[in-house]
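What follows is a set of notes on a single structure, which appears directly below.
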Amino acid sequence: MIRHTHLYYSLKDVQIRKMCHYSNHKIVCCCLLMLTQWDAITEMDEQNRPIHTFQVCHVMEPNQNNWLRSGWIQRQAAQRVYVELRFTLRDCNSIPWVSGTCKETFNLFYLQTDDPLPAATRFRPIDYAKVDTIAADESFTQTDLGDRVLRLNTEVREVGPVTQKGFYLAFQDVGACIALVSVKVFYKRCPSTLRNLAAFPETVPHMDSSSLVEVRGACVENAEERDTPKLYCGADGDWLVPLGRCICSIGHEEMDGHCRACKAGFFKANAGNVKCSKCPLRSSSHDQAATICHCDKGFYRAIKDPPTMACTRPPSAPRNLVSLINDTALFLQWTPPANTGGRNDITYNILCQRCDGGDSGETQCEPCEPDLHFIPRPLGITGTSVAVLDFAMHANYTFHVEAVNGVSELGVAARSLANITVNTHQAGVLGPAFLGIVKKDWATYNSIALSWSEVQQPHSDIVDYEVKYYEKEQEQLSYSSTRTKFPSVVVTGLRPSTVYVFHVRGRTPAGYTAYSPNFEFTTAAEDPDVADQGQVLVVVTASVGGFSLLVILTLFLLITGRCQGYIKARMKSEEKRTRFHSGHVPFSGIKTYVDPDTYEDPTQAVEEFAKEIDPSCICIDRVIGAGEFGEVCSGRLRIPGRKDIAVAIKTLKGGYMDQQRRTFLREASIIGQFSNSNIIRLEGVVTRSRPVMIVVEYMENGGLDTFLRTRDGQFTVLQLVGMLHGIAVGMTYLSDMGYVHRDLAARNILVDENLVCKVSDFGMSRVLEDDSEAAYTATGGKIPIRWTAPEAIAYGKFSSASDAWSYGIVMWEVMSYGERPYWEMSNQDVILSIEEGYRLPAPIGCPVILHQLMLHCWQKEYSQRPHFNDVLSFLDKLIINPSSMLALVNDAISFPDSPEDMPDYPLFISIGDWLDSIKMSQYKSNFLAAGYTTLDSISTMSIDDVKRIGVCLIGHQRRIISSIQSLRLQLHHIQQSGFQV
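Following full-length UniProt numbering, the numbering of the sequence shown begins with 1 at its first residue and continues without gaps.
Structural data, given as structure tokens:
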């Protein structure tokens, strides 16, 4: 995957002295002008291939100043430009009779312009800004020349920021024996790509390496957005964190990152990233991109049928239709159709006709009487039988049984009917009417007493009676029934002042008689006295029940008293255990921190201290970074009844192990215990669905270190002290709770839109920085060396005192606007320097009183460091009395009375040793050329002097001046002691 775009490439075409390369198939060339003493040479490498170089080797002559300049290079879309240099350099020691002016380095410069300089323009080195001094990792000797061993060095430097349309590169030789083999100028980019069926264009990262470029993708052809597709372009030319997606439209399937039309015989009815389906049985598609397969002739698909279902047809007629009749009922039975049409939703309809002979002798048929009763019903029967009641005697009935399924209405074929004719003369029915008279004996508000004369039948005795009744207003939509062996009944459960309709019929051994005619009777109105009595009964019952419950509870409390005492004792024991683990007894009014590791199951700590959030309440807007466990996003928390809250969401990436999940959620169980305006606030967690998330308040200005670096010099000292005050408030709260942070640093302080600083990052389990030297591995995990107290590094002994040491480093970071503590010193050098007594010097513009507080925090004996409540009280006084901060370290003319009152800074023997110690060795020649050859001479330098000798970068200026101030103090005491430097 190409992540670089070259602006120009190798040294070729020495006749016209050009450097060219291919960039997106477009040649971009620029001339190299030999301004002084560089030679264009063609040589052969170890494979006997010609290589074109520019060389210079005037090591025998003093005061060399040879320049080689490129042609004008168009910036194109670049915001950050890189130069890759390939060169060989000869070891000065291998050159006989060489003078002391031989060098093993050369310098790289650049000049920005919007247009190429006129050809007649005189070369002015002063116009060019220095990029860096280039040194070789490997140098060659005379022996290597004889053996034809080519020791190529490759160095890459960042140029810029580049803001104008183009620039020139210039190479300065000050007395080296060097051959420049190739120069490649390029910028990094995220290449065009396809992700989640969306196309993303080539994108150039922002100039700020810490920010990501959000790029919106465009769905590929025949695809549509499901969620807005986004990618984020990182500073290294890598695409990060895809969000959203596109899906293939109907009739298309995903294939090789594109949406291809379904082939003939296949279809896709819904949008989505699924494959096209083969046409179901008895259907086909003849064109590409089919969204549905059409049914074959004679087959159908119901409206509610899914398109993946096979086409079906109506069923054939029911088979083997038979009838069975007794004294009171007619039964019809049949077997299912031989052909169900391929469906299982068959139902049956019963159609009835009554046929009688007319006066003319012809049979006349008409629909059956409406009183005919079908059990269970006449239409939509799922079984294969039905009972017919209340039919007339000596009549001919013709029944049609129709089989239907979901596509019967779509078919044009004849209806699937089975017919049968039944004559009811064989039924021993007692008659169409009930021969008794029903009367009401009495009625109350909820019951009616009925009676009727006993019926005498010629064929058999009455076994019992059935009484059917319903409310008149309901029109028999629902009814109830009761049975009795006597010609009377009391019907209860009725409503007051309501008219009921009653039917009575008798049952003989041969079957039922017909129902009696309708009889209507009304219940009585509700008696108020009776209602009052009922209410009194309820009150009395409730009183008795309440008294009984009180007695039971009293007995229960007496019995369980000892259990309560046991529980309290257990709670006190558990509290002691928690305090033992935290190593701290809280101040009055502040609860004690509970270590989640004391729980047998760490998930219990999460449930106890963190609120579970419904993931539907979380709306993710964009990705703002990436951590060890997953992406970090910003978004909104939408809880019903509350205003939307801006939040940051930490996600746990998929494929995690249980231990990773517990480690990830451990931070939430810690933050959930804190409630302070200068501690990051936990909104809740999502643990019952994926992805697992930790939701905290959103801090608009991000990390304090980055925030300060991008706003160098924009705040007053009082504003900076206000930031330190907020951090001290948070750390005082944590210290009082018995919590030790272990990773207090400016990168772990977040800043909101009102410049309020809040302590965050309570994990201490992730990689601390990208730098491989950023953490020192010791028992118990990673330790941030530059911020950690000596006893914690050596013995793993962390406490509030070690946090106080870290707070001093944070103070230094704030007052230096995010400068890296100890600059480019290695971790091992930092450890050794601290052991020898070295302490960071005061940043430029730092008040003396604040640097004294830093030194107080950096006491070697941890018991002598200030407590956080003392730090807070001290900062309160400074804010109340800002005049105490007027004296700046770089303006101070007074020194401590004795060396014991200041840190023991190491003594540097030479200018070179001093610059090496602060990683500024590239400026040795600048100091020597300006006449600074002794420690005394540099101790008087000001920042203007540093600028004048050629130190242009602000960060380098600050580092040198800070070290000069410390050196000045040291020299002062050495001279007072009678020694000479």
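Even glycine gets a Cβ: it sits at the ideal position worked out from N, Cα and C. Since this is a predicted model, take the numbers as computed values, not measurements.
If we count the other Cβ atoms within 10 Å of its Cβ and call it buried at 16 or more, is residue i buried or exposed?
i      : result
Met44  : exposed
Arg505 : buried
Pro318 : buried
Glu824 : exposed
Gly931 : exposed
Met657 : exposed
Ile375 : exposed
Thr121 : exposed
Leu886 : exposed
Lys754 : Per the sequence presented here, residue 754 reads as Asn, with Lys not at that position. With fewer than 16 Cβ atoms within 10 Å of its Cβ, Asn754 is classed as exposed.
Ile964 : buried
Ile793 : buried
Phe707 : buried
Leu405 : One detail in the question is off: residue 405 reads as Asn in this sequence, not Leu. Buried: at least 16 other Cβ atoms inside 10 Å.
Gln297 : Checking the sequence shown, residue 297 turns out to be Lys, not Gln. Lys297 comes out exposed.
His851 : buried
Lys184 : buried
Glu454 : exposed
Gln172 : buried
To which residues of the same chain is residue i closer than 7 Å at the C-beta, ignoring the five residues directly before and after it?
i      : result
Glu773 : Any answer about Glu773 is weak, because its pLDDT of 39 lies below 50 and its placement is not dependable; what the coordinates show is given next. Taken in chain order, the residues that qualify are Ser826 and Asn827.
Asp227 : Gly244 and Arg245
Gln37  : Val56, His58 and Asn66
Thr482 : Val467, Val489 and Val491
Gly411 : Tyr300, Arg313 and Pro314
With respect to the beta strand (DSSP E) encompassing residue i, which residues constitute its N-terminal and C-terminal limits?
i           : result
Glu158      : Asn153 to Val159
Val490      : Ser488 to Thr492
Ala199      : Ala198 to Phe200
Cys857      : No beta strand (DSSP E) holds Cys857; the alpha helix (DSSP H) holding it covers Val848 to Cys857.
Leu89       : Val81 to Leu89
residue 985 : Beyond the ends of the chain as shown, which are 1 and 981, falls residue 985; an answer cannot be given.
Ile911      : Where Ile911 is concerned, there is no enclosing beta strand (DSSP E), although the alpha helix (DSSP H) it sits in stretches over Ile911 to Ser917.
Asp705      : Taken as a continuous stretch (DSSP letters only), Asp705 belongs to no beta strand (DSSP E), being part of the alpha helix (DSSP H) at Leu704 to Arg709.
Ser447      : Ser447 to Trp452
Apart from the five residues just before and just after residue i, which ones in its own chain have a Cβ nearer than 6 Å to its Cβ?
i      : result
Ala77  : Val204
Asp91  : Ser139 and Thr141
Arg747 : Gly703 and Asp705
Arg86  : Leu152, Thr154, Val181 and Ser182
Ser962 : Pro841
Over what stretch of residues does the alpha helix (DSSP H) that includes residue i continue unbroken?
i      : result
Lys602 : Checking the displayed sequence, the identity of residue 602 turns out to be Pro instead of Lys. Pro602 to Phe609 is the extent of the alpha helix (DSSP H) around Pro602.
Val871 : Phe868 to Ile880
Phe927 : Lys924 to Ala929
Asn827 : Asn827 to Glu835
Met811 : Ser800 to Met815
Ala794 : Pro790 to Tyr795
Val729 : Val717 to Met737
Phe664 : Asp658 to Ile671
Lys947 : Ile943 to Arg948
What does DSSP give as the partner residues of residue i in its beta bridges?
i      : result
Met255 : His258
Gln172 : Trp67 and Asn107
Asp39  : Gln55
Phe331 : Leu324 and Ala387
Give the C-beta separation of residue i and residue j to the nearest angstrom, bearing in mind that I take them to be a contact with Cβ-Cβ under 8 Å.
i      : j      : result
Leu212 : Leu240 : 7 Å
Ala387 : Phe331 : 5 Å
Thr732 : Phe927 : That belief does not hold up - the Cβ atoms of Thr732 and Phe927 are roughly 45 Å apart, past 8 Å.
Pro118 : Trp67  : Actually they do not touch by this definition, with Cβ atoms about 18 Å apart.
Val422 : Ile303 : Going by Cβ atoms, the distance from Val422 to Ile303 rounds to 37 Å, so no, they are not a contact pair.
Tyr82  : Val162 : Not a contact, Cβ separation roughly 11 Å.
Leu494 : Asn446 : 5 Å
Thr603 : Gly630 : Incorrect: roughly 19 Å between the Cβ atoms, too far for contact.
Phe502 : Val401 : Actually they do not touch by this definition, with Cβ atoms about 35 Å apart.
Ile346 : Pro336 : 7 Å
Return the chain-ordered list of same chain residues with a C-beta closer than 8 Å to the C-beta of residue i, the five sequence neighbours on each side being excluded.
i      : result
Gly912 : Ser921 and Lys924
Thr113 : Trp72, Gln164, Lys165, Gly166, Phe167 and Tyr168
Gln660 : Phe629 and Leu652
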